[in-house]
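Heads up, the thing below is written out as structure tokens.
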Amino acid sequence: MKRVVITGAGTVNALGHNVADTLEAMREGRCGIGPLEFQDVDRLAIRIGGQVRGFEAEGLYNRQQMSLYDRFTQFTLAAAKEAIAQSGLIFSGTLSAKSGVVLGTAGGGVSTWDANYRSVYEEGKNRVHPFVVPKLMNNAAASHVSMEYNLKGPSFTVSTACASSNHAMAQAFQMVRSGMAPAMVTGGSESMLCFGGVKAWEGLRVMSRDACRPFSANRNGMVQGEGAGIFVFEEMEHARKRGAEILCEVAGFAMSSDASDIVMPSKNGAARAMAGALADAQVNAGEVGYINAHGTGTAANDKTECAAVADVFGQHADKLMISSTKSMHGHLIGGTGAVELLACIMALRDGVIAPTIGYEEPDPECALDVVPNEARDASVDVVLSNAFAFGGMNAVLALRKFA
Amino acid sequence: MSVKDKVIAIIAEQAVLEPSDVTMDSTLESLGIDSLGLVESIFAIEEEFDISVPFNANDPSESDFDISTVASIVAGIEKLMAEQKDTV
Chain A
213 MKRVVITGAG TVNALGHNVA DTLEAMREGR CGIGPLEFQD VDRLAIRIGG
263 QVRGFEAEGL YNRQQMSLYD RFTQFTLAAA KEAIAQSGLI FSGTLSAKSG
313 VVLGTAGGGV STWDANYRSV YEEGKNRVHP FVVPKLMNNA AASHVSMEYN
363 LKGPSFTVST ACASSNHAMA QAFQMVRSGM APAMVTGGSE SMLCFGGVKA
413 WEGLRVMSRD ACRPFSANRN GMVQGEGAGI FVFEEMEHAR KRGAEILCEV
463 AGFAMSSDAS DIVMPSKNGA ARAMAGALAD AQVNAGEVGY INAHGTGTAA
513 NDKTECAAVA DVFGQHADKL MISSTKSMHG HLIGGTGAVE LLACIMALRD
563 GVIAPTIGYE EPDPECALDV VPNEARDASV DVVLSNAFAF GGMNAVLALR
613 KFA
Chain B
870 MSVKDKVIAI IAEQAVLEPS DVTMDSTLES LGIDSLGLVE SIFAIEEEFD
920 ISVPFNANDP SESDFDISTV ASIVAGIEKL MAEQKDTV
């Protein structure tokens with residue numbers, strides 16, 4: 213089996229339009245959540261979110277591209293540009309033929325659905341733009357990345373709600389580890405912050421009206437975000453030979469299915485995914501210094517996740533750090549694991565643990581070191597990134613410091 | 870603007886050209902408009918003139934709408950406008 217490293221990272225999210233700005237915001241514990249701004253927001257009960265601001269897509273893409281790029285594709289392409297530029301890879305010849313792109317998204321072109329339903333239902337129009345379908349389809353972002361960078365190997369989109377990105381990156385990891393692909397572009401994106409996208413979530417009554425406070429006793433729900441995180445996963449020797457800068461190693465992963473409830477999380481399913489990732493990476497529980505939690509800020513997730521961590525790690529659960537950066541960038545749904553992987557890279561490479569901000573009151577059911585409110589300097593060798601989706605589908609990645 | 874000028878403006882925008890570069894005997898192919906660009910042009914024409922163009926992208930030659938040149942498109946639109954005026 214090959215070893216897999218990350219040689220490029222890119223992002224657009226509420227904390228920044230690139231990796232450097234995003235990590236700086238995480239180090240400072242800055243909150244990217246604020247009042248939502250879009251048509252009909254006054255008809256929503258939930259009016260806050262981690263909205264990407266000041267992202268001027270018109271300047272980045274031409275008219276023809278704009279007619280084909282939903283906002284989730286725009287975010288993806290901007291993040292992919294940053295990641296692939298950092299990697300230094302140029303895809304041609306065999307590298308092009310064997311390398312592909314696997315991305316996660318839960319909703320795909322939600323704002324394209326929303327705008328066109330508005331047009332035909334509310335405005336009564338009987339004609340829509342011819343590119344509605346190629347713009348909204350869930351694989352549009354992956355397809356445009358493949359076209360832009362000449363990626364002709366295995367390429368597709370994974371959709372498992374809040375675990376989409378982690379499942380996508382797990383697929384990419386497997387392909388590189390098995391020797392099937394020398395490099396894979398992977399990650400995910402989401403853009404649901406439009407009237408219909410937020411209204412749908414509102415219906416579940418799990419959304420907070422004021423803040424995302426994971427693990428805090430007074431937490432009152434999740435807050436949506438939007439954006440993309442894109443990475444270049446590369447076979448270690450391939451990266452070494454060309455002298456690429458290696459951000460960290462992807463050491464293992466595991467997936468599990470709760471097979472129990474369509475929305476309620478399961479301690480057992482989460483624990484099996486974390487334990488599976490440790491086994492796959494061949495690391496002991498005691499080596500894990502940090503977990504980037506799923507940490508949605510709902511009553512159910514946070515206590516279940518903490519109980520699962522206690523089950524898997526035993527006494528070591530009290531020594532490791534666990535934080536939820538959703539408190540800062542919101543829950544990017546299908547793109548969330550990708551943006552959260554940045555916090556894992558920062559922990560391994562820079563020795564900085566991103567905090568859980570908005571933390572106000574300890575909860576005995578979440579009695580772990582959640583790195584409250586302020587980032588912490590700490591040297592860690594192995595980290596986990598958790599994603600536990602609606603539908604009971606879980607995916608956990610294990611990453612290791614590259615030395 | 871006349872029908873001709875409006876059609877030329879739509880096609881020029883699609884081809885990323887100046888309207889002065891588009892003549893009545895230009896073909897869409899010679900202007901570099903591909904199949905997606907053609908479908909988008911038909912959409913723009915329907916929106917502009919409030920008509921329904923009988924165009925099927927599966928087989929453009931079978932459609933009852935001649936897209937061989939700018940002149941044939943203008944003539945087709947004028948015919949459709951006259952036909953569909955009464956039905957609106």
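Protein chains in written order, with my numbering: chain A, 213 to 615; chain B, 870 to 957. For glycine and all other residues, C-beta sits at the position ideal for the given N, C-alpha and C. Bear in mind that the values here come from a model prediction, so they are computed numbers and not experimental data.
{"Item": "Listed from N- to C-terminal order along the chain, which residues in the stretch 896–911 of chain B have their beta-carbon within a distance smaller than 7 Å of any beta-carbon of chain A?", "Value": "908 and 909"}
{"Item": "Suppose only complete runs of 4+ residues qualify. What are the alpha helix (DSSP H) ranges in the stretch 418–493 of chain A, listed by chain order?", "Value": "448–453 and 479–493"}
{"Item": "Quick one: give me the first and last residue of the beta strand (DSSP E) that residue 372 of chain A is part of.", "Value": "No beta strand (DSSP E) holds residue 372 of chain A; DSSP gives it neither H nor E."}
{"Item": "Pull up the distance between the alpha-carbon of residue 940 of chain B and that of residue 348 of chain A, whole angstroms please.", "Value": "35 Å"}
{"Item": "Kindly indicate if chain B contains any beta-carbon less than 8 Å away from that of residue 341 of chain A.", "Value": "yes"}
{"Item": "Does any residue of chain A have a CB that is nearer than 8 Å to the CB of residue 887 of chain B?", "Value": "no"}
{"Item": "Which residues, in chain order, does the stretch 319–333 of chain A contribute to contact with chain B at a C-beta distance below 7 Å?", "Value": "none"}
{"Item": "With a threshold of 8 Å between beta carbons, is residue 279 of chain A in contact with chain B?", "Value": "yes"}
{"Item": "Can you grab the Cα-Cα spacing for the pair residue 878 of chain B / residue 924 of chain B, in whole Å?", "Value": "20 Å"}
{"Item": "Per DSSP, what kind of secondary structure is residue 584 of chain A in: helix, strand or coil?", "Value": "strand"}
{"Item": "What's the gap between the Cα of residue 432 of chain A and the Cα of residue 573 of chain A?", "Value": "12 Å"}
{"Item": "Where does residue 595 of chain A sit, in a helix, a strand or coil, going by DSSP?", "Value": "strand"}
{"Item": "Where does the unbroken alpha helix (DSSP H) through residue 301 of chain A begin, and where does it stop?", "Value": "Looking at the DSSP string, residue 301 of chain A is not in any alpha helix (DSSP H), and its letter there is neither H nor E."}
{"Item": "Taking Cβ to Cβ, would you say residue 288 of chain A is nearer than 8 Å to residue 221 of chain A?", "Value": "no"}
{"Item": "List, in chain order, every chain A residue whose beta-carbon is nearer than 8 Å to that of residue 916 of chain B.", "Value": "339"}
{"Item": "Any chance the stretch 410–426 of chain A sits against the stretch 454–470 of chain A, with 3 or more Cβ pairs inside 8 Å?", "Value": "no"}
{"Item": "Which two residues bound the contiguous alpha helix (DSSP H) that contains residue 329 of chain A?", "Value": "322–329"}
{"Item": "Name the residue from A/486, A/425 and A/470 whose alpha carbon lies nearest to the alpha carbon of residue 610 of chain A.", "Value": "A/486"}
{"Item": "At a cut of 8 Å, does the stretch 565–581 of chain A reach the stretch 396–413 of chain A through at least three beta carbon pairs?", "Value": "no"}
{"Item": "Leaving out five residues before and five after residue 491 of chain A in sequence, what residues of the same chain have Cβ atoms less than 6 Å from its Cβ?", "Value": "none"}
{"Item": "Just to confirm before moving on: does the CB-CB distance between residue 565 of chain A and residue 540 of chain A stay below 8 Å?", "Value": "no"}
{"Item": "Mind checking whether residue 909 of chain B and residue 342 of chain A have CB atoms under 8 Å apart?", "Value": "yes"}
{"Item": "Since residue 521 of chain A contacts residue 503 of chain A with CB under 8 Å, what's their CB separation in whole angstroms?", "Value": "7 Å"}
{"Item": "Using a Cβ distance threshold of 8 Å, determine whether the stretch 599–607 of chain A contacts the stretch 463–470 of chain A, with at least three qualifying pairs required.", "Value": "yes"}
{"Item": "Buried or exposed for residue 484 of chain A, going by 16 or more other Cβ atoms inside 10 Å?", "Value": "buried"}
{"Item": "Between residue 409 of chain A and residue 551 of chain A, which are expected to be in contact by the criterion C-beta below 8 Å, what is the C-beta distance as a whole number of angstroms?", "Value": "With 8 Å as the limit, residue 409 of chain A and residue 551 of chain A do not qualify as a contact, their Cβ atoms being about 17 Å apart."}
{"Item": "May I have the straight-line CA-CA distance separating residue 950 of chain B from residue 885 of chain B, to the nearest angstrom?", "Value": "27 Å"}
{"Item": "Per DSSP, what kind of secondary structure is residue 502 of chain A in: helix, strand or coil?", "Value": "strand"}
{"Item": "Write down the C-beta distance between residue 323 of chain A and residue 283 of chain A rounded to the nearest angstrom, noting that I regard them as a contact closer than 8 Å.", "Value": "5 Å"}
{"Item": "Cα-Cα, which of A/597, A/295, A/613 and A/580 is closest to residue 591 of chain A?", "Value": "A/613"}
{"Item": "Using the three-state DSSP reduction, which class does residue 524 of chain A fall into: helix, strand or coil?", "Value": "helix"}
{"Item": "Give the DSSP-derived three-state secondary structure of residue 907 of chain B in the structure shown.", "Value": "helix"}
{"Item": "Please state whether DSSP places residue 282 of chain A in a helix, a strand or coil.", "Value": "coil"}
{"Item": "Measuring straight from C-alpha to C-alpha, what distance separates residue 333 of chain A and residue 427 of chain A?", "Value": "41 Å"}
{"Item": "Who does residue 368 of chain A pair with in a DSSP beta bridge?", "Value": "A/314"}
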